[in-house]
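Note sheet for the following structure.
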Amino acid sequence: MLGLFLLTLYLGYAGHNYIMDSRTLCTARISELRFPRHSGEIATTSGFIDLDMKNETIHFFLHSPTGDYINRLLQFNTSYGWNGEANAVTIVKKTKSPSEYGSLASEYHIFDIGTRHLINMVPVTRHVTQVNFDSISFFCETQEIL
């Protein structure tokens, strides 16, 4: 009887985590995100990151005062852990917008097809989620959780 109770408790916990992570749709306004360049300089960017876990996409729209524009839509496959939480994504397709300018996006493997990145989502409040995507961490306003 105790085993059945614990199994039910585990399934409820894992199911809740899966639903929360797989249905997250949120936008992060980035005021400052720094990228070290291959030349040794630091590129400071600002803009938006849109994360849509339902459709498995993340859209980076970032610009820097040096004239670099990153405008990429990445599609990924999500891997879930035993506890139902999203724990990694693998980039399967990238769409580079014609408006992208500069070489900043090309210097980072985060935008390459086939790369695998750790992901972790932590609900902070009902409307705010902290997302850790590889080495990038941001807070985003949750637009929808179905």
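Reading the sequence shown from the start, the letters are residues 23 to 168 in the working numbering. We put the CB at the ideal spot given by N, CA and C, even for glycine.
Proximity below 8 Å, CB of residue i to CB of residue j
| i | j | result |
| --- | --- | --- |
| Glu122 | Ile80 | no |
| Gly124 | Gly89 | yes |
| Leu126 | Phe57 | yes |
| Thr30 | Met143 | no |
| Ser119 | Arg138 | no |
CA nearest to the CA of residue i, picked from the options
| i | options | result |
| --- | --- | --- |
| Thr49 | Asn154, Arg148, Asp72 and Thr137 | Asp72 |
| Phe165 | Phe155, Asp156, Thr151 and Ile158 | The amino acid at residue 165 is misidentified as Phe; the sequence shows Gln. Residue Thr151 is the option with its Cα nearest to Gln165. |
| His60 | Met143, Val153, Glu129 and Thr137 | Glu129 |
Inter-residue Cα distance where the pair is residue i and residue j
| i | j | result |
| --- | --- | --- |
| Ile1 | Glu63 | Summary: the structure shown does not reach residue 1, with the chain confined to residues 23 through 168, and so no result is reported for it. |
| Phe155 | Ala108 | 11 Å |
| Phe82 | Thr100 | 18 Å |
| Pro145 | Ile158 | 17 Å |
| Val153 | Phe98 | 16 Å |
| Val111 | Asn77 | 13 Å |
| Thr147 | Met23 | 35 Å |
| Leu168 | Tyr102 | Its pLDDT being 48, under 50, Leu168 is placed unreliably in this model, and the coordinates cannot settle the point. |
Contact set for residue i: own chain, Cβ-Cβ below 8 Å, skip 5 residues either direction
| i | result |
| --- | --- |
| Ile52 | Thr67, Ser68, Gly69, Phe70, Ile71, Leu84 and Phe160 |
| His149 | Glu163 and Thr164 |
Cβ neighbour criterion (16 or more within 10 Å) applied to residue i
| i | result |
| --- | --- |
| Met75 | buried |
| Gly25 | exposed |
| Gly106 | buried |
Neighbourhood of residue i by C-beta, 6 Å cutoff - its chain only, sequence neighbours within 5 removed
| i | result |
| --- | --- |
| Leu96 | Ile80, Ile113 and Lys116 |
| Leu55 | Thr67 |
Same chain, Cβ closer than 7 Å to residue i, five either side skipped, listed in chain order
| i | result |
| --- | --- |
| Ser86 | Ala65, Thr66, Thr67 and Leu126 |
| Phe133 | Arg94, Leu96, Lys116 and Ala127 |
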